[in-house]
Structures are given as C-alpha cells and as structure tokens.
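Notes follow the structure.
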Amino acid sequence: MDKLRLAIVGCGGMGHRHLYGLAELHRAGLSRFELVGACDPVQDNAESLAQQASDLLGVRPTVVSNMAGLEALDVQAVDIT
Numbered sequence: 040m041d042k043l044r045l046a047i048v049g050c051g052g053m054g055h056r057h058l059y060g061l062a063e064l065h066r067a068g069l070s071r072f073e074l075v076g077a078c079d080p081v082q083d084n085a086e087s088l089a090q091q092a093s094d095l096l097g098v099r100p101t102v103v104s105n106m107a108g109l110e111a112l113d114v115q116a117v118d119i120t
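Written as structure tokens, this is what we have:
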C-alpha cells in the first residue's frame with residue numbers, strides 16, 4: 040500500500056506531540072504516512088520538528104514557512120495543530 044504524503048502544519052509543542060504519535064505508529068509497523076513537510080511561520084519550530092522527525096523516523100521532512108510552500112511537496116494530507 041502506498042503511504043500518504045503528510046505534512047505537519049504548526050510545529051510548536053502540539054506539532055511535536057503529533058510527531059511522537061506518528062513515531063509510535065512507525066515503530067509498531069502501522070504507519071500509513073510518509074512525513075514530507077514541516078510547516079510553521081516560526082522557522083525554528085519547523086526546523087526543530089524536522090530534526091526530531093529525522094531522529095525518530097529516519098527521514099527529514101522539508102521545512103516551509105507557509106501553506107503555499109507545501110504545494111511543491113505534492114502533499115496528500117495535512118495534520119494541522
């Protein structure tokens with residue numbers, strides 16, 4: 040089954056909590072998602088989430104600062120926090 044290309048929008052504390060949930064699914068072999076984007080107007084938040092994703096999932100999502108930036112990533116689903 041193909042995985043849905045997912046972006047997390049809002050990469051502060053709640054975005055990190057959602058990432059931890061994705062990591063649990065990944066560890067259990069139940070993930071249906073490929074995290075491809077981290078979107079936040081605060082660059083440090085998005086960079087932090089991207090680095091954490093790299094550590095937890097083994098893949099670093101692309102960092103963007105607005106929704107328009109997600110278009111180039113061919114995102115199929117968003118997790119808005």
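The sequence shown: position 47 = 86 (our numbering), numbered continuously. No residue lacks a Cβ here, since even glycine has one placed at the ideal position from N, Cα and C. Values in this document were obtained by computation on a predicted structure and should not be read as measured data.
- Per DSSP, the continuous alpha helix (DSSP H) segment holding G52 begins and ends at G52 to R66.
- When DSSP reads this structure, L96 sits in no beta bridge, so it has no partner.
- Taking a C-beta distance under 7 Å as the contact criterion, A92 and L45 do not qualify as a contact pair.
- DSSP links R44 through a beta bridge to E73.
- Counting along the chain, T101 sits inside the beta strand (DSSP E) bounded by residues T101 to V103.
- Here the C-alpha atom of M106 lies approximately 11 Å from the C-alpha atom of I119.
- Relative to G51, the option among S104, L96 and E110 whose CA is nearest is S104.
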